[in-house]
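Engineer: Letter by letter, the sequence shown follows residues -18 to -1, 1 to 356 of mature numbering (1 follows the signal peptide of the UniProt record, and there is no 0).
All residues carry an ideal CB built from backbone N, CA and C; glycine is no exception.
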Amino acid sequence: MRVLIVGAGILGLLTARACALRGAAVTLLEQGPLPATGATSWDQHRIVRTLHPGQPHLTALAARAERHWRDLARGFSAPVYQRTGSLTALPPSAAQASGDLLTSQGLRHAHLPAAELHRRYPLIRWPDGLDGVHDPQAGVLLADQILLELTRELARTPGVTLLPGQTVTHVDADALHVITPGGRHSGDALVLTAGLGTRRLLPAEPSEERRQLLLYVTPPVAHRAAWATLPAVPAIGDADGSWLIPPVAHTALKLTSHAASWVEGTRPDVQPAYDRLVTQFAELIPGFTQAWVSGRRTCAYRIHPDRGTPVIRPLDAAGRACAVTACGGGAFKFAPLMADHLARRVLDAAPVPALFDPPPPTLPLEDSHAAPGH
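1. Counting along the chain, where does the beta strand (DSSP E) carrying I(-9) start and finish?
2. My output table needs one value for S75: the three-state DSSP class, helix, strand or coil.
3. Going along the chain, which unbroken runs of the beta strand (DSSP E) with 3 or more residues stay wholly within the stretch 176 to 230?
4. Helix or strand or just coil, what does DSSP make of L174?
5. Got a sec? Which residues, its chain only, sit under 6 Å from F296 by beta carbon, not counting five neighbours each side?
6. Quick one: grab the DSSP three-state call for Q148.
7. Which residue from V260, P163 and G311 puts its Cα closest to that of V245?
8. Quick check: Y256 and L195, are their CB atoms within less than 8 Å of each other?
9. What residues are listed by DSSP as bridge partners for P61?
10. Buried or exposed: which applies to Q262, given that a residue is buried once 16 or more other Cβ atoms fall within 10 Å of its Cβ?
11. So, is V203 buried or exposed, given that buried needs 16 or more other C-beta atoms within 10 angstroms?
12. Anyone know if the C-beta pair for A171 and V30 falls short of 8 Å?
13. Can you check which of these residues, V122, D82 and L130, is closest to S59 by C-alpha distance?
14. Looking at the structure shown, is H356 part of a helix, part of a strand, or coil, going by DSSP?
15. Three or more C-beta pairs under 8 Å: does that hold for the stretch 116 to 130 against the stretch 68 to 81?
16. Look up A303 in the DSSP assignment and give the residues it is bridged to.
17. On the premise that T233 lies in contact with Q26, defined as a C-beta separation below 8 Å, what is that separation, rounded to the nearest angstrom?
18. Secondary structure at T19, three-state DSSP: helix, strand or coil?
19. Write down every uninterrupted run of the alpha helix (DSSP H) in the stretch 248 to 334 whose length is 4 residues or greater and which is fully enclosed by it, in chain order.
20. Quick one: Cα of W24 to Cα of V122, how far?
21. Which parts of the stretch 19 to 57 are runs of the alpha helix (DSSP H), unbroken and 4 residues or longer, counting only runs that do not cross its ends?
22. With DSSP as the reference, label M(-18) as helix, strand or coil.
23. Does H91 come out as helix, strand or coil in the three-state DSSP assignment?
24. If T151 sits next to I161, beta carbons under 8 Å apart, how far is it from one beta carbon to the other, in whole angstroms?
25. Do we get a CB-CB distance below 8 Å when we pair T180 with the residues of chain B?
26. By the three-class DSSP mapping on this structure, what secondary structure does G165 have?
27. Take the Cβ of E12 as the centre, count every other Cβ of all protein chains shown within 10 Å, and call the residue buried at 16 or more, exposed below.
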């Protein structure tokens, strides 16, 4: 089968790889250069974390995704994944529940009472009254290096055609073709992984574009080695929802918070968000000052108004065309699972179960009408 893929961010690249591994001929179109340095997934690093407090299905999915990333990383020529573990600060009852959740999934963890959290990780001034949950099944992905490695791999894969500089202006899902200024591209299956550009191609799709300010920080020389050994911290536990990624493999320390995100078009000036982030982290990191900041970036992502998980939508009745219409800010970690899902969805005749919907609850044995042994 001939598969057209629009968009060469992390999801487009991994979907092209998954389709090629299943024997498909793949054409991957990207509006910019390759690797896609303008993609929302192009960045120094991203977290892949297992624990999603209160969400067993996402925790199980994330554990699968982390195993996929470790397998993928072994095949690359350069190191792209460092298993740092993750550290989540929560109220004691929530920390206990999160530990129970990890245990129920067969996953290891360590519950750190507040005093132990402060003693073991003094680089952060943890809010009072919080315990820590250390999840060793987590780490830091070197995002831009991964896009570079995947692009190189696909460039030498038989049956894969990479077409940079191709801006798609129209999509006909029923006819399975797209239009660019250079002409028409057709296939037997079509996958849209165009990130922010998906809304332009599918204007009726409900989604919300958001911006988030990220700070890239160089700690003082005396503390850099200690920062590099810190776990990824998806939740420091303060009211602003602050989180950070440690400076592994010569990257910068990345700092941000949920309070530093906004709906596109609602913030005319980024400077107040920058000032607030600097103030936040001056309270959270002993000795932190604006002089530590070596760079900043405003990233963009698209979310569904009613769902926090990525959204994959069919575009035709036959099931040969689909689009990722919203990813959210944390979809990078799920990309291997999403790519496999997309490949099976457009290449297989059989329906593919939804990826992010929790499975229906099983009936108690006494209420089940199944025959014995089934």
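Structural biologist: Reading it off the structure:
1. What you label residue -9 is simply residue 10 of the sequence shown in a count that begins at 1. It is not in any beta strand (DSSP E) - I(-9) instead sits in the alpha helix (DSSP H) that spans I(-9) to L3.
2. Here residue 75 refers to the residue found at position 93 of the sequence shown. Correct three-state label for S75: helix.
3. 190 to 199, 214 to 217 and 224 to 227
4. In the sequence shown, the residue the question calls residue 174 occupies position 192. Looking at L174 - three-state DSSP - the assignment turns out to be strand.
5. To locate residue 296, count along the sequence shown from 1; it is residue 314. For the sequence presented, residue 296 should be read as Pro rather than Phe. So the list reads C304, once near-sequence residues are dropped.
6. For this step, residue 148 is matched to residue 166 along the sequence shown. Q148 falls in the coil class under three-state DSSP.
7. Counting from one through the sequence shown, the residue named residue 245 turns up at place 263. Looking at the Cα atoms, G311 is the closest of the given residues.
8. In the sequence shown, residue 256 corresponds to position 274, counting from 1. In the sequence shown, residue 195 corresponds to position 213, counting from 1. Yes, Cβ-Cβ distance for Y256 and L195 is below 8 Å.
9. In the sequence shown, counting from the first residue as 1, residue 61 sits at position 79. P61 is not bridged to any residue.
10. Mapped onto the sequence shown, residue 262 falls at position 280. Buried.
11. In the sequence shown, the residue the question calls residue 203 occupies position 221. Looking at its Cβ environment, which holds fewer than 16 other Cβ atoms inside 10 Å, V203 is exposed.
12. Position 189 of the sequence shown holds residue 171. Position 48 of the sequence shown holds residue 30. The answer is no: Cβ separation not under 8 Å.
13. Stepping through the sequence shown from its first residue, residue 59 is reached at position 77. Residue L130 is the option with its Cα nearest to S59.
14. Here the question's residue 356 lines up with position 374 in the sequence shown. Its pLDDT being 31, under 50, H356 is placed unreliably by the model, and nothing is read from it.
15. yes
16. Counting from one through the sequence shown, the residue named residue 303 turns up at place 321. Paired residues: L172.
17. If you number the sequence shown from 1, residue 26 lands on position 44. If you number the sequence shown from 1, residue 233 lands on position 251. Correct: roughly 4 Å between the Cβ atoms.
18. In the sequence shown, residue 19 corresponds to position 37, counting from 1. Correct three-state label for T19: coil.
19. 253 to 266 and 317 to 329
20. For the purposes of this step, residue 24 is taken as residue 42 along the sequence shown, with counting starting at 1. For the purposes of this step, residue 122 is taken as residue 140 along the sequence shown, with counting starting at 1. Looking at the two C-alpha atoms, the distance is approximately 14 Å.
21. 38 to 56
22. To locate residue -18, count along the sequence shown from 1; it is residue 1. Looking at M(-18) - three-state DSSP - the assignment turns out to be coil, as it is neither helix nor strand.
23. Translated into positions along the sequence shown, residue 91 becomes position 109. Coil.
24. The count along the sequence shown starts at 1 and reaches residue 151 at position 169. The count along the sequence shown starts at 1 and reaches residue 161 at position 179. T151 to I161, Cβ: 5 Å. Contact.
25. The structure shown has no chain B; it contains just one protein chain.
26. Locating residue 165 in the sequence shown gives position 183, where the first residue counts as 1. G165 falls in the strand class under three-state DSSP.
27. Along the sequence shown, read from residue 1 onward, the residue named residue 12 stands at position 30. Label assigned to E12: buried.
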